[in-house]
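Down below is the structure, laid out as C-alpha cells.
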Amino acid sequence: MEEDSLNDINQGSSRFRLKKLGEDALGDDVLRKAVELPPGEDPNEWISCHIVDFYNHTNMLFSSVTHLCTKESCPIMSAGPKYEYLWNDRIQYKTPTRMAACEYISNLMNWVNHQIENEALFPIDPEFFYNHYNGKMRMILALGLTFGVIVVSLFKNALSWDGLIATGLVGLATFSNDNLMFLAGVLTFFISGTQLTKYGSSKKKLLDADYKKDGKRNSIQVFCNGFVGSVISVIYTCYFDGKTFPEMSKNERSGMYILLYSYLAFYACCAGDTWASELGPLSNDWPVLIGTRTEVPPGTNGGITKLGLMASALGGAAVGLSMDVMYWIQYYSLLKTHQLPRIPFHFLGSIFGLLGSLIDSYLGSKYQASYLTKDKKISNHKSDPDTKLINGRDILSNNMVNFISLSMTAILGGFLAYAIYCLH
Numbered sequence: 083m084e085e086d087s088l089n090d091i092n093q094g095s096s097r098f099r100l101k102k103l104g105e106d107a108l109g110d111d112v113l114r115k116a117v118e119l120p121p122g123e124d125p126n127e128w129i130s131c132h133i134v135d136f137y138n139h140t141n142m143l144f145s146s147v148t149h150l151c152t153k154e155s156c157p158i159m160s161a162g163p164k165y166e167y168l169w170n171d172r173i174q175y176k177t178p179t180r181m182a183a184c185e186y187i188s189n190l191m192n193w194v195n196h197q198i199e200n201e202a203l204f205p206i207d208p209e210f211f212y213n214h215y216n217g218k219m220r221m222i223l224a225l226g227l228t229f230g231v232i233v234v235s236l237f238k239n240a241l242s243w244d245g246l247i248a249t250g251l252v253g254l255a256t257f258s259n260d261n262l263m264f265l266a267g268v269l270t271f272f273i274s275g276t277q278l279t280k281y282g283s284s285k286k287k288l289l290d291a292d293y294k295k296d297g298k299r300n301s302i303q304v305f306c307n308g309f310v311g312s313v314i315s316v317i318y319t320c321y322f323d324g325k326t327f328p329e330m331s332k333n334e335r336s337g338m339y340i341l342l343y344s345y346l347a348f349y350a351c352c353a354g355d356t357w358a359s360e361l362g363p364l365s366n367d368w369p370v371l372i373g374t375r376t377e378v379p380p381g382t383n384g385g386i387t388k389l390g391l392m393a394s395a396l397g398g399a400a401v402g403l404s405m406d407v408m409y410w411i412q413y414y415s416l417l418k419t420h421q422l423p424r425i426p427f428h429f430l431g432s433i434f435g436l437l438g439s440l441i442d443s444y445l446g447s448k449y450q451a452s453y454l455t456k457d458k459k460i461s462n463h464k465s466d467p468d469t470k471l472i473n474g475r476d477i478l479s480n481n482m483v484n485f486i487s488l489s490m491t492a493i494l495g496g497f498l499a500y501a502i503y504c505l506h
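In case it helps, the working numbering puts the sequence shown at residues 83 to 506.
Here you go:
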C-alpha cells in the first residue's frame with residue numbers, strides 16, 4: 083500500500099481534513115496537537131487515520147531497507163540464534179512455515195494491509211463504526227503489552243510456566259483498562275523491580291541462605307504481588323470504562339478516586355517493598371527491628387535501615403510520578419480548566435510506599451522466623467540443630483506477608499480517598 087499525499091485525496095473528504103490537521107501538527111513539532119482529537123471529529127475515525135498512516139510509514143521504512151536483507155543474506159526470520167519465527171496466516175499458510183526474513187515481513191505487511199482494507203474493522207463510512215471499536219483496539223494493545231512482559235520475563239528466566247500464566251492474567255486485567263494510570267503504575271513497578279533485583283542479587287546471595295540464583299517466580303508469588311491490583315483494575319473497568327469525568331455523578335467520581343488511590347497505594351507498596359529489599363542490604367549500618375530498635379544481622383525479617391526506608395519512599399514516589407504523568411496527559415484539558423483536582427500522586431506514592439514497607443516489616447518481625455545459620459547467613463527455615471533463632475515466629479510465609487501488607491495498604495489508600503472525597 084502506497085501512502086496517499088494530500089494532492090491524491092479528495093479535498094472535500096474527512097480523510098483530507100484529518101490528514102492535513104495531522105501534518106500541520108507534526109510540522110509544528112507539537113506532539114499533543116498531533117494526537118489531540120480535532121473539534122467535531124469522530125474519535126474512531128481519527129484513531130483509524132493514525133493507524134493507517136503508521137502502517138504506511140512502517141511499510142515505507144521496510145521498502146527502503148529491503149535490499150539489505152535478501153533471501154541469501156537473511157535465510158530465516160529470527161531474533162538471535164535461540165529464537166526463530168514461523169509464518170502462519172491460516173489462509174495461504176495453514177501451518178507454521180519457515181521462510182526468509184524478507185518474505186516473512188512481506189507477508190506480514192500484506193496481512194496488515196488486508197486487515198486495514200477490511201471494512202468490518204476499518205469502515206470507510208464513519209457512521210458504521212461500531213461501539214466497541216476503542217475496546218477492540220485497546221485489547222490489541224493489552225495483548226501486545228502482556229506478551230512483551232512475558233517475553234522479557236522468559237528472557238530473564240524469571241518465571242515458571244504457571245507463573246507465566248498468572249502474569250498473563252494479571253497483565254490482561256490491567257493493560258485492558260482505558261485509564262493509562264493503571265498501565266503506568268504496573269509497568270513502573272515491573273521495570274524498576276526487574277532492574278533492581280538484578281542489581282541487588284550479588285549482595286543478597288551473600289546474606290540469604292535461601293537465595294536461589296535461578297529462582298523463578300511461580301503463580302502464587304505472582305498473584306500475591308498482583309492479584310489485588312488486578313481486581314481493582316477490573317472493578318474500575320466494569321464501572322468506569324468509556325465514561326468521561328464530566329458525565330459522572332458525585333458518587334461515581336468518589337468511587338473513581340477510591341479505586342485510583344487504592345491502586346496507587348497497592349503498587350506504591352509493591353515498589354517500595356522491592357526497592358527496600360534490594361537496596362536496603364547495601365547499607366553500611368546494621369538494620370534494627372521495627373518497634374524494639376534492636377540491631378539484627380542484614381537480611382533479618384522485619385529489619386529496617388535508613389537507606390531501606392528511603393528506598394521505600396522513592397519506589398512509591400516513582401510509581402506515583404508515572405501515574406502523575408499519565409494523569410496530566412490523559413486529562414490535561416480537564417485539569418487545565420480545574421474540572422479535575424490536581425492530585426500529587428508522586429507525594430502520595432512516597433507515603434504509601436513507606437507505609438506499606440513499614441507494615442511489611444512489622445509483620446515480618448512478628449510472624450516470620452529468621453534463623454542464623456552456621457555460615458552466618460539468614461534463613462527462614464531451621465535447617466539443622468546449629469541454626470539459631472534470631473527473631474519472630476514461624477507463622478506466615480513471605481508470600482503471605484506480602485499479600486497482607488499489600489492488601490492493607492490498598493485498603494488504607496481507599497479509606498484516604500473516602501475521607502477526602504466522601505466525607506469532605
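Quick reminder that beta carbons are idealized off the backbone N, C-alpha and C, glycines included.
Mark PRO328 as exposed unless 16 or more other C-beta atoms lie within 10 angstroms of its C-beta, in which case mark it buried. For the purposes of this step, residue 328 is taken as the residue at position 246 of the sequence shown. Using a 10 angstroms sphere on the CB of PRO328, the tally of other CB atoms stays under 16, which defines it as exposed.
What runs of the alpha helix (DSSP H), each 4 residues or longer, lie entirely inside the segment 327-413? If one requires a minimum length of 4 residues, the alpha helix (DSSP H) runs lying completely within the segment 327-413 are 332-361, 388-412, in chain order.
The segment 365-377 in contact with the segment 339-356 per 3-pair CB rule at 8 Å: Segments in contact, no.
Indicate whether PRO178 and LEU168 have their beta-carbon atoms separated by less than 7 Å. Here residue 178 corresponds to residue number 96 of the sequence shown, with the count starting at 1. Here residue 168 corresponds to residue number 86 of the sequence shown, with the count starting at 1. The Cβ-Cβ distance between PRO178 and LEU168 falls below 7 Å.
Output the distance between the C-alpha atoms of ASN259 and ASP442, rounded to the nearest integer angstrom. Residue numbering aside, residue 259 sits at position 177 when the sequence shown is read from its first letter. Residue numbering aside, residue 442 sits at position 360 when the sequence shown is read from its first letter. So the two alpha carbons sit approximately 28 Å from each other.
Nearest candidate by alpha-carbon position, reference TYR349, set GLY402, ALA182, ARG180, PHE305: Here residue 349 corresponds to residue number 267 of the sequence shown, with the count starting at 1. Nearest in C-alpha terms to TYR349, of all of GLY402, ALA182, ARG180, PHE305, is GLY402.
For ALA347 and ALA492, which I take to be in contact (beta-carbon distance under 8 Å), what is that distance rounded to the nearest angstrom? Counted from its first residue, the sequence shown places residue 347 at position 265. Counted from its first residue, the sequence shown places residue 492 at position 410. A Cβ-Cβ separation of about 5 Å places ALA347 in contact with ALA492 under the 8 Å criterion.
Cut-off 7 Å between Cβ atoms - residues of its own chain near THR152, not counting five sequence neighbours on either side: As a position in the sequence shown, residue 152 is number 70, starting the count at 1. Here the set comprises CYS184.
Is it buried or exposed, SER331, if we count other Cβ atoms within 10 angstroms and call 16 or more buried? Working through the sequence shown from its first residue, we reach residue 331 at position 249. Exposed, by the Cβ-count rule.
Can you give me the C-alpha to C-alpha distance between GLU377 and PHE305, rounded to a whole angstrom? The sequence position of residue 377 within the sequence shown is 295, counting from 1. The sequence position of residue 305 within the sequence shown is 223, counting from 1. Taking the straight line joining both Cα atoms gives about 33 Å.
Cα-Cα separation, ASN366 to GLY381: Working through the sequence shown from its first residue, we reach residue 366 at position 284. Working through the sequence shown from its first residue, we reach residue 381 at position 299. Straight-line Cα distance between these residues: approximately 13 Å.
Straight-line CA distance for ASP124 to LEU143? Your numbering for residue 124 matches position 42 in the sequence shown. Your numbering for residue 143 matches position 61 in the sequence shown. A direct Cα-to-Cα measurement between ASP124 and LEU143 gives close to 29 Å.
Tell me whether ASP110 sits in a helix, a strand or coil according to DSSP, three-state version. By 1-based counting over the sequence shown, the position of residue 110 is 28. The predicted position of ASP110 is uncertain, since its pLDDT is 44 and thus under 50; a value taken from the coordinates is nonetheless stated next. Note: ASP110 maps to coil in three-state DSSP.
From this set, SER439, SER404, LEU416, TYR175, which residue's C-alpha is nearest PRO426's C-alpha? Mapped onto the sequence shown, residue 426 falls at position 344. Selected option, being the one with the closest Cα: SER404.
Just checking VAL313 against the ligand HEM - is the residue's beta carbon closer than 6 Å to any of the ligand's heavy atoms? Absent from the structure shown: the ligand HEM. Ligands present: none.
Would you mind listing the alpha helix (DSSP H) stretches within the segment 167-248 that are 4+ residues and don't spill past its ends, in chain order? DSSP runs (the alpha helix (DSSP H)) wholly in the segment 167-248: 183-198, 215-237.
PRO379 to GLY385, Cα distance in whole Å? Looking up residue 379 in the sequence shown gives position 297. Looking up residue 385 in the sequence shown gives position 303. Annotation: PRO379 to GLY385 spans about 8 Å, alpha carbon to alpha carbon.
Using a Cβ-Cβ cutoff of less than 6 Å, which residues in the same chain neighbour PHE485 once the five nearest sequence positions on both sides are dropped? Reading the sequence shown from its first residue, position 403 is the one you call residue 485. Excluding the 5 residues flanking it on each side, PHE485 has same chain C-beta neighbours closer than 6 Å at CYS306, in chain order.
Alpha carbon to alpha carbon, what distance is there between SER479 and ASP110? Here residue 110 refers to the residue found at position 28 of the sequence shown. Here residue 479 refers to the residue found at position 397 of the sequence shown. Its pLDDT being 44, under 50, ASP110 is placed unreliably in this model, and the value from its coordinates should be taken loosely. Those two C-alpha atoms are separated by around 57 Å.
Identify the continuous beta strand (DSSP E) that holds LYS470 and give its terminal residues. Here residue 470 corresponds to residue number 388 of the sequence shown, with the count starting at 1. 470-473 is the span of the beta strand (DSSP E), which, as asked, contains LYS470.
CB contact flag (LEU436, ALA395, <7 Å): As a working mapping, residue 436 is identified with position 354 in the sequence shown. As a working mapping, residue 395 is identified with position 313 in the sequence shown. Less than 7 Å divides the Cβ of LEU436 from the Cβ of ALA395.
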